[in-house]
Amino acid sequence: MGIHFENPKPVEVAKRLMTGVVGNGDLVLDFFAGSGTAGQAIMEMNSESHKDVRFILVQIPERINEKHSAYKAGHKTIAELCIDRLEKAGRRRIEDSGSILDVGFRVYRLTESYFPENHFEFDPSKSEKENVAALRKHLETASQPRIFDKNEIADIITEISLKNGYGLFYTLEHMKRRFPGNTVYRLSGNGKGALLCLDVELQEKNVRILAERYPEDQLILSRRALCTAKNWTLRNAFGDNLRTV
232 MGIHFENPKP VEVAKRLMTG VVGNGDLVLD FFAGSGTAGQ AIMEMNSESH
282 KDVRFILVQI PERINEKHSA YKAGHKTIAE LCIDRLEKAG RRRIEDSGSI
332 LDVGFRVYRL TESYFPENHF EFDPSKSEKE NVAALRKHLE TASQPRIFDK
382 NEIADIITEI SLKNGYGLFY TLEHMKRRFP GNTVYRLSGN GKGALLCLDV
432 ELQEKNVRIL AERYPEDQLI LSRRALCTAK NWTLRNAFGD NLRTV
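In structure tokens, the structure reads:
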């Protein structure tokens, strides 16, 4: 990719190692992604062998030495270099094939949870009784309904997907025609699905549609959307399949 690294992992060697053991539809996890050799190797293997192998690369944002050519090329961390390499590998696949290919990928960064109930930390200087009391107060405050920022919705949905077992490779279907007046998604991943709506108000007609047509699905809603009557209707229809955030 035009940047020299000492002792880099050869792409061809990585491809040969994976060709014999990785099958169509498999998922490869590389916890030490480095500059992204495994990702590039899988991209090329998919193209050459007509496979559909997915990958997850994990790399901490380790800073690159300022004297290194990668740093001088504009990459401040190894994670940035990895992302750039995958983008270039994707463009090369398109150029080599002469076709329109989906070479996109998602980039995630570890941040604090969007849900305040996950932020509590025990204070070692306090007694167990004091910590329990503080936890109860924290949970009471955190349980209050909140309004989600529109700019955060994509990240919030990703966190919801992970916490509910739908994984990173989830899909979203906007069910606009079925639920006019609300933004309702079909969230699917890992062989299961749920209906998801983060609107602060749920239309009465959509409450009826949900209760009458989708009681077997899991339903994930914003707490702010449920008044007592709506909550009773949906709890009665969905039971334990209703979750609020």
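Following this note's numbering, the numbering of the sequence shown begins with 232 at its first residue and continues without gaps. Where a beta carbon is used, it is the ideal one built from N, C-alpha and C, also for glycine.
Practice task
Taking 7 Å as the cut-off, decide whether the C-beta atoms of N477 and F351 are in contact.
Solution key: The shown model of the chain, from 232 to 476, leaves out residue 477, and the question about it has no answer.
Exercise for the section: Mind checking who S419 pairs with in its DSSP beta bridge? Expected result: S419 pairs with T402 and G424.
Practice task
Could you pull the start and end residues of the beta strand (DSSP E) that V259 belongs to?
Solution key: Segment L258 to D261, the beta strand (DSSP E) holding V259.
Handout entry: Close Cβ partners of K461 (< 7 Å) along its chain, the five nearest in sequence each way excluded
Key = Excluding sequence neighbours, K461 sits near L433 and V438.
Problem - Three CB pairs or more closer than 8 Å across the stretch 270-288 and the stretch 238-254 - result: The stretch 270-288 vs the stretch 238-254: in contact.
Exercise for the section: Would you kindly work out how many angstroms separate the C-alpha atoms of M232 and G398, rounded to a whole number? Expected result: Caution applies to M232, whose pLDDT of 46 falls short of 50 and renders its modelled position unreliable; the value that the coordinates give is listed next. So the two alpha carbons sit approximately 31 Å from each other.
Exercise for the section: Starting from the Cα of L260, find the closest Cα among V253, F286, A310 and C428 and give me that residue. Expected result: When only C-alpha atoms are compared, the closest one is F286.
Exercise for the section: Would you kindly check if the distance between the Cβ of G267 and the Cβ of R316 is under 7 Å? Expected result: The beta carbons of R316 and G267 sit closer together than 7 Å.
Handout entry: DSSP state of L465 mapped onto helix, strand, coil
Key = The answer is helix: DSSP assigns L465 an H, G or I state.
Exercise for the section: Starting from the C-beta of L332, find all residues in its chain whose C-beta is less than 7 Å away, skip the five residues before and the five after it, and write them out in chain order. Expected result: Here L332 has R324 and I325 as same chain residues with Cβ atoms under 7 Å from its own Cβ, once five neighbours each way along the sequence are excluded.
Handout entry: Sequence-distant residues of the same chain with beta carbon closer than 7 Å to H235, five excluded per side
Key = For H235, the pLDDT reaches just 48, beneath the cut-off of 50, and the residue's location in the model is therefore unreliable, although a value from the coordinates is still provided. Taken in chain order, the residues that qualify are S300.
Problem - Buried/exposed call for H405, threshold 16 Cβ in 10 Å - result: With fewer than 16 other Cβ atoms within 10 Å, it is exposed.
Handout entry: Beta-carbon proximity check, P292 vs A310, cutoff 7 Å
Key = Result yes, Cβ atoms of P292 and A310 sit closer than 7 Å.
Problem - F262 classed as buried or exposed, judged by whether at least 16 other C-beta atoms fall within 10 angstroms - result: Around the beta carbon of F262, fewer than 16 other beta carbons sit within 10 angstroms, so the residue counts as exposed.
Exercise for the section: Identify every residue that forms a DSSP beta bridge with Q449. Expected result: In the DSSP output, where bridge partners are listed per residue, Q449 has A425.
Exercise for the section: Might you give, ordered along the chain, the residues of its own chain that have their beta carbon closer than 7 Å to the beta carbon of Y345, omitting 5 neighbours on each side? Expected result: Closer than 7 Å at the Cβ level, and outside the excluded window around Y345, lie E383, D386, I387 and E390.
Practice task
Please list, in chain order, all residues of the same chain as A320 whose beta carbon is under 6 Å from its beta carbon, the five residues on each side excluded.
Solution key: Counting only Cβ-Cβ distances below 6 Å, and skipping sequence neighbours, we find Q271 and M274.
Practice task
List the DSSP bridge partners of L288.
Solution key: Its beta-bridge partners are D261.
Problem - Exposure of C458, with buried meaning 16 or more beta-carbon neighbours within 10 Å - result: When all chains shown are included, C458 counts as exposed.
Exercise for the section: Grab the span of the beta strand (DSSP E) containing R474 for me, first residue to last. Expected result: Judged by DSSP secondary structure, R474 falls within the beta strand (DSSP E) whose first and last residues are L473 to T475.
Handout entry: Same chain only: Cβ atoms within 6 Å of S419, ignoring 5 sequence neighbours per side
Key = For S419, the CB contacts under 6 Å within the same chain, skipping 5 residues up- and downstream, are T402 in chain order.
Exercise for the section: In the DSSP assignment, find the unbroken alpha helix (DSSP H) run with E204 in it and report its ends. Expected result: This structure cannot speak to residue 204, because the chain is shown only from 232 to 476.
Handout entry: Distance, K360 Cα to N413 Cα
Key = In a straight line, the C-alpha of N413 is about 44 Å away from that of K360.
Practice task
Less than 8 Å between the CB atoms is what I'm expecting for A425 and I451, so what's the real figure, rounded?
Solution key: Approximately 6 Å separates the beta-carbon atoms of A425 and I451; this is inside 8 Å, confirming the contact.
Practice task
Express the C-alpha separation of L473 and E443 in angstroms, rounding to a whole number.
Solution key: E443 and L473 have their C-alpha atoms roughly 14 Å apart.
Exercise for the section: Can you tell me which of the three DSSP states R294 falls into? Expected result: R294 falls in the strand class under three-state DSSP.
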